[in-house]
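These notes concern the structure reproduced below.
Residue numbers (our numbering): 1 to 657.
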């Protein structure tokens, strides 16, 4: 079992008496001897079943590293709450369940067991249907691994749903379902035949026709590679794919479950250590001047995490992250550096906790003046890199590949509601942002290489390469952005999607006639409960700081190379303005948009899809209004392969050219 390393109260603040402590095993550590400036070194080739808490009463200015034979592996800090050696040939206790041999181990009192590893490989928590099992057929998207919600209780839409075909007793299990295209929820349930009720409300309502699966129930055990812990009997059931290995059990508890738990500390440096089987490899709160370098993170739920307080001057450099369940790196921080990290296989299962998060991201950073540079991010369930509240921040020279493998409506590089200050996205390579709508009736390919979501303003997107994504570059209700010198090609929907169709105040005091030519400058006065930002051309409610108007255009899109596919639309423009021949200039700020952004040799393959409308009239509870006029003259753009214009209410077109 683990021995806790708690660094005790230190009364000596001078570094004059700094020492080096060589730790060959957990028993060697004496916290009472530490003082500021000390070095604590762990031996290469040794595994320590421990965790280290650096709380308020421990000293600042500490170094943690390694010593010994560098030909041996890095020292390993292991968060397993239990581990044992397994040999199938010698194992006595087993049970055949649904034709599969499950081995049994009596382990009393495991606290919140969350993951079982056979060496470095994870077993699957008992699940039904299995990930590759198709119960629901004939749907637009794949439902492999899912049952389907037939109906949602209108009185308790965040608590009760019905599946009239699944009448098994799953009480006590967990249900997992997508409640948005970009998020999922894990909830404990009870059910009475086809009625399923969660113990607490979900963040978003259950969705009719969405898929769900069951986990953490004995009746779901039916496949090799699965495990289940019977808490009442204290028995672990497991069916490994190996004949001989060490089994590691990790926990989902929050306390004493981090390689390092660092709070209210400064000037801590951690190097050349491997972290395995924790909930958090590193957990940080109220910390500054923390450096993590040349470390490895394996089989944790979170690699490096903080959730509540702003950090300052954090450096995460030259680390590797493998098989993180939820996040690789997730920080709320200012003036920090995330550099040269190798992140692979993050959030490739929806089995772990998710409430309060849009998780499964390689890197997620909130805060100002941060640099995310030269990282390799591959194989993530949701976004590769997400960043918010990011004035002065830069995302530069990263390689982002195979993202959005489980979720939709996101991007390889994604930002949202980041209006303050200048930001830079430059020199990145983004390949295959997939956009997975499986287990839902949603749109496939709902992923962009670079996605500036609503109110992502004052960004410069420069010299990036985007290929094989749903959309290459997507701007949604964003303004004052510069898109230049980028190269895109081979994307499945569009090379560039520019959506200014959804953010306009209409049916209210400022625009009661739902006029597509609405201009706040023409109003004699603006009521005091609105704030009009003339520089950024936005209006928001003073009371809740919510934006209600973003003026289309104000962007500069030029000198890019959007390579057209002759079998697809190259561009999509959405607007609530009247449609005329100035639409491209007005929305992109480019006098000759096509000449500036399409290779001359490929111009005849280029095409554009223009959508008018799609603006929700709040006074009519979401009904789309239809005041848009089309005076577009296609003959002025005869050099293009195709122009398609759609104006309508919902799915019914008024004008279709």
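For every residue, glycine included, the Cβ atom is placed at its ideal position computed from N, Cα and C. Computed from a prediction, not measured in an experiment: that's the story for all the values here.
With respect to the 7 Å criterion, residue 234 and residue 106 are classified as neighbours on the basis of their beta carbons. Taken through DSSP and simplified to helix, strand or coil, residue 478 comes out as coil. Residue 142 is positioned such that its CB atom lies no closer than 7 Å to that of residue 433. Around the beta carbon of residue 305, 16 or more other beta carbons sit within 10 angstroms, so the residue counts as buried.
The C-alpha of residue 513 lies about 34 Å from the C-alpha of residue 207. With respect to the 7 Å criterion, residue 79 and residue 272 are not classified as neighbours on the basis of their beta carbons.
Secondary structure note for residue 588: its alpha helix (DSSP H) is the uninterrupted segment 583–588. Secondary structure at residue 28: helix, using DSSP grouped into helix, strand and coil. In terms of Cα proximity to residue 571, the closest of 495, 284, 19 and 288 is 495. Residue pairing of residue 227 in beta bridges, as defined by DSSP: 125 and 238. When rounded, the separation of the alpha-carbon atoms in residue 632 and residue 476 is 23 Å. Take the alpha-carbon of residue 442 and the one of residue 181: they are about 7 Å apart.
Look at residue 596 here: in three-state DSSP terms it is helix. The alpha-carbon separation between residue 374 and residue 172 amounts to approximately 45 Å.
Between residue 282 and residue 274, the alpha-carbon positions lie close to 11 Å from each other.
Taken atom to atom, the span from the alpha-carbon of residue 419 to that of residue 583 is near 24 Å. In this structure residue 360 does not touch residue 332 by the C-beta definition: roughly 18 Å separates them, more than the 8 Å allowed. Close CB contacts of residue 580 within its chain, under the 7 Å cut and outside five residues either way in sequence, are with 631 and 632 (chain order). Judged by their CB atoms, residue 194 and residue 162 are nearer to each other than the 7 Å cut-off. Per DSSP, residue 554 is not a residue of any beta strand (DSSP E), being assigned neither H nor E. Excluding its 5 nearest sequence neighbours in each direction, residue 260 has C-beta neighbours in its own chain below 6 Å: 52 and 282, listed in chain order. Shown here for residue 342: same chain residues with a beta carbon closer than 6 Å to its own, the five before and five after excluded, namely 320 and 376 in chain order.
Going by C-alpha positions, residue 383 is about 15 Å away from residue 466.
Following the DSSP letters along the chain, one finds residue 361 inside the beta strand (DSSP E) bounded by residues 361–366.
The C-beta of residue 537 has 16 or more other C-beta atoms within 10 Å across all chains shown, which makes the residue buried. Within the model, the alpha-carbon separation for residue 364 versus residue 358 is close to 10 Å.
In the pairwise beta carbon analysis, the segment 409–416 is classified as touching the segment 445–465: at least three pairs are separated by under 8 Å.
Burial check for residue 276: the Cβ neighbour count within 10 Å reaches 16 or more, so the residue is buried. When rounded, the separation of the alpha-carbon atoms in residue 249 and residue 352 is 15 Å. Residue 537 carries a coil assignment under DSSP once its states are collapsed to helix, strand and coil. Under the three-pair Cβ rule at 8 Å, the segment 543–556 counts as touching the segment 582–596. Taking a contact as a CB-CB distance under 8 Å, the pair residue 539 and residue 520 counts as one, their CB atoms being some 6 Å apart. Taking one beta carbon from each stretch, the segment 211–228 and the segment 79–91 have fewer than 3 pairs nearer than 8 Å; the two do not touch.
If you draw a straight line from the Cα of residue 292 to the Cα of residue 267, it is about 11 Å long. With 16 or more other Cβ atoms inside 10 Å of its own Cβ, residue 126 counts as buried. In this structure, residue 350 places its C-beta atom within 7 Å of the C-beta atom of residue 176.
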